[in-house]
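Heads up: the structure comes next, in structure tokens.
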Amino acid sequence: DAGVIQSPRHEVTEMGQEVTLRCKPISGHDYLFWYRQTMMRGLELLIYFNNNVPIDDSGMPEDRFSAKMPNASFSTLKIQPSEPRDSAVYFCASSFQGAANYGYTFGSGTRLTVV
Amino acid sequence: GNSVTQMEGPVTLSEEAFLTINCTYTATGYPSLFWYVQYPGEGLQLLLKATKADDKGSNKGFEATYRKETTSFHLEKGSVQVSDSAVYFCALMFSGGYNKLIFGAGTRLAVHP
Chain A
2 DAGVIQSPRH
12 EVTEMGQEVT
22 LRCKPISGHD
32 YLFWYRQTMM
42 RGLELLIYFN
52 NNVPIDDSGM
62 PEDRFSAKMP
72 NASFSTLKIQ
82 PSEPRDSAVY
92 FCASSFQGAA
102 NYGYTFGSGT
112 RLTVV
Chain B
207 GNSVTQMEGP
217 VTLSEEAFLT
227 INCTYTATGY
237 PSLFWYVQYP
247 GEGLQLLLKA
257 TKADDKGSNK
267 GFEATYRKET
277 TSFHLEKGSV
287 QVSDSAVYFC
297 ALMFSGGYNK
307 LIFGAGTRLA
317 VHP
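Order-wise, the sequence lines are chains A and B. Residue 2 is where the first sequence starts when you use this note's numbering, and the numbers rise one by one after that. Residue 207 is where the second sequence starts when you use this note's numbering, and the numbers rise one by one after that.
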């Protein structure tokens, strides 16, 4: 398996623009997580899905952030409009029921810079 | 609530030194415990895990023992290398429920030649 695949690896955008980050989880995994990592706040869980259904979005910072999982093999995190304070590395991770024995598999992340 | 506390970094060591990164947890029950490592510019990778009390997880020369009495899962390595320079995250998860990993704040390790 190719692991969790995120795209793009790097994104530079201007303030006010819409940004869409993409994630393909490992086939067969039924949990998907979106994290944000910054120097100031560390690793933050934004939202997670189980069987494509959002379970907990309490970590989503504002209404400007939205996430979807239209099918088991694809998820998006959208920021509209983007602001400089959204600059961070965004990670996607996937797992399956029984992951207490295996943990999560993380993607390589998308480094977002909003100028 | 459930939480993980790690020693603050950065931890700076010379090559071949002994490493300990402390991790303690607060949990209502007996979770599985994990150490993840994040190398510069990369995502988090599972380093080792332990699923029950007294289990010892090990990988790449790193070890950690699940201590229920002290609610701890300290990471150790006998002789660090420059290539071990990374950020290390301790985490816990309960089986069942929604598989939510709870991470510590991370500890940065810098190893110098």
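The beta carbon of each residue, even a glycine, is placed where N, CA and C say it ideally should be. Owing to the predicted nature of the structure, the values given are computational and were not obtained by experimental measurement.
- Within 9 Å of the CB of B/S209, no CB atom of chain A is found; the nearest one sits about 13 Å away.
- Within the stretch 7-37 of chain A, the residues whose Cβ lies closer than 7 Å to some Cβ of chain B are Y32, listed in chain order.
- Under the three-state reduction of DSSP, B/D290 is assigned to helix.
- Taking B/M213 as reference, the option from B/M299, B/L281 and B/S238 with the minimal CA-CA separation is B/L281.
- Those residues of the stretch 243-264 of chain B placed with their C-beta closer than 9 Å to a C-beta in chain A are Q244, G247, E248, G249, L250, Q251, L252, K255 and T257, ordered along the chain.
- A/P55 sits in a strand when the DSSP states are folded into three classes.
- Not a single CB atom of chain B sits nearer than 8 Å to the CB of A/L78.
- Here DSSP, grouped into helix, strand and coil, assigns B/N208 to coil.
- Note: A/R112 is bridge-paired with A/H11 and A/V90 in the DSSP secondary-structure output.
- Proximity to A/D64 across A/F97, A/P82 and A/I6 peaks at A/P82, based on C-alpha coordinates.
- For the stretch 268-285 of chain B, the set of residues with a beta-carbon nearer than 8 Å to any beta-carbon of chain A is empty.
- Annotation: the continuous beta strand (DSSP E) that includes A/M70 extends over F66 to N72.
- Chain B places no beta carbon closer than 8 Å to that of A/F75, leaving this residue out of the contacts.
- Contacts between B/F309 and chain A, judged by CB atoms closer than 7 Å, involve L44 in chain order.
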